Amino acid sequence: MTETIGIIGAGNIGSQLARKAVELGYDVVISNSRGPESLAELVRELGPRARAATPAEAAGAADFAVVTIPLKAYRTVPAAPLDGKVVIDTVNYYWERDGHIEALDRGEATTSGLLQEHLSGAKVAKGFNHIAAAQITTDGTPAGTEDRRALATASDFPEAAALVTRLYDEFGFDTVNIGPLSESWRVERDRPAYVARQNKQELQANLAKAPRTI
Ligand SMILES: NC(=O)c1ccc[n+]([C@@H]2O[C@H](COP(=O)([O-])OP(=O)(O)OC[C@H]3O[C@@H](n4cnc5c(N)ncnc54)[C@H](OP(=O)(O)O)[C@@H]3O)[C@@H](O)[C@H]2O)c1
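When you read off a place in the sequence shown, starting at 1, and then add 2, the result is the number in the working numbering.
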């Protein structure tokens, strides 16, 4: 049966994930803050597998969801329709855009951990946060390709990390599983692994040498 991905956020990353997802045969329900009408052009481009909706409708229709919005808006993500579902979190912390969040500045929290707290009934997994949007549709290669690019995930739920691993592979990337969300700071902004093109070994090495605060 065709799986439906509910995407909350339709900017650089949301639109790119949608493009690759429909190419792979997923159905996509995509949403933003301004409403479905503002996504008419994108949905036309994406074709019959995609439709635009509100964030709550996208969350409700999702077999699994992606949250890809500025961090400052994470508390607006509708929680109830995501209960029990895997939620892939691409969000990064840019204090210049998001305002300062002390627990992040002090190294006492993680961006994905904050989203997991808000979506307490969902299974949050970090994903697609350290690849430039344009490369999502261009950098993937088949499994087994020499020097294949690898991306990291982290989750408190093994089944969520497994889903991201499957999706990464379909998109053309190897996976490094960092472990629980409490370790996901290793792939946050400005760490060695952030947006660099790395194969699996290089990514593992960069995650290992990441500093807790920057
Ligand atoms: N750009 C990259 O290469 C890249 C790479 C990795 C990770 N990231 C991270 O991924 C996230 C998305 O990045 P982006 O570059 O795609 O951002 P973007 O181009 O600015 O797009 C943000 C999207 O989020 C939507 N949005 C904002 N507030 C919302 C809300 N309350 N409810 C629903 N949708 C909302 C916006 O909709 P409206 O336009 O209608 O407000 C827009 O569609 C950010 O946290 C970013 O740091 C970005």
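All C-beta atoms in this analysis are idealised placements derived from N, C-alpha and C, irrespective of residue type, glycine included. These numbers were taken from a predicted model, which means no experiment stands behind them.
Quick check on residue i: does DSSP put it in helix, strand or coil?
i: A12; result: coil
i: A52; result: strand
i: F66; result: strand
i: A127; result: strand
i: D149; result: coil
i: I32; result: strand
i: N208; result: helix
i: V45; result: helix
i: T215; result: coil
i: T113; result: helix
i: T78; result: helix
List the endpoints of the continuous beta strand (DSSP E) containing residue i.
i: A152; result: A152 to S157
i: V88; result: V88 to D91
i: T177; result: D176 to N179
Does the Cβ-Cβ distance between residue i and residue j come in under 8 Å?
i: T70; j: I7; result: no
i: N34; j: T92; result: no
i: T113; j: Y95; result: yes
i: A162; j: I180; result: no
i: A60; j: I32; result: yes
i: A152; j: D171; result: no
i: D158; j: L117; result: no
i: A81; j: G115; result: no
i: N201; j: D149; result: yes
i: L205; j: A212; result: no
i: D29; j: R51; result: yes
i: K125; j: V89; result: yes
i: D100; j: L73; result: yes
i: K128; j: V189; result: yes
i: V178; j: I133; result: no
Apart from the five residues just before and just after residue i, which ones in its own chain have a Cβ nearer than 6 Å to its Cβ?
i: P38; result: A54 and A55
i: D85; result: G123
i: D176; result: R150, A152 and K202
Leaving out the 5 sequence neighbours to the left and right, which residues in its chain are closer than 8 Å to residue i when beta-carbon positions are compared?
i: G109; result: W187, R214 and T215
i: E5; result: Y28, D29, D65 and F66
i: L48; result: A20, R21, V24, V30 and I32
Would you mind reading off the limits of the alpha helix (DSSP H) that contains residue i?
i: D141; result: Segment: none, D141 is in no alpha helix (DSSP H) and carries neither H nor E.
i: V166; result: P160 to F173
i: W187; result: No alpha helix (DSSP H) contains W187, which DSSP labels as neither H nor E.
i: A105; result: E104 to D107
Say whether chain B places a C-beta atom closer than 8 Å to the C-beta of residue i.
i: E190; result: The chain inventory of the structure shown lacks chain B, comprising one protein chain alone.
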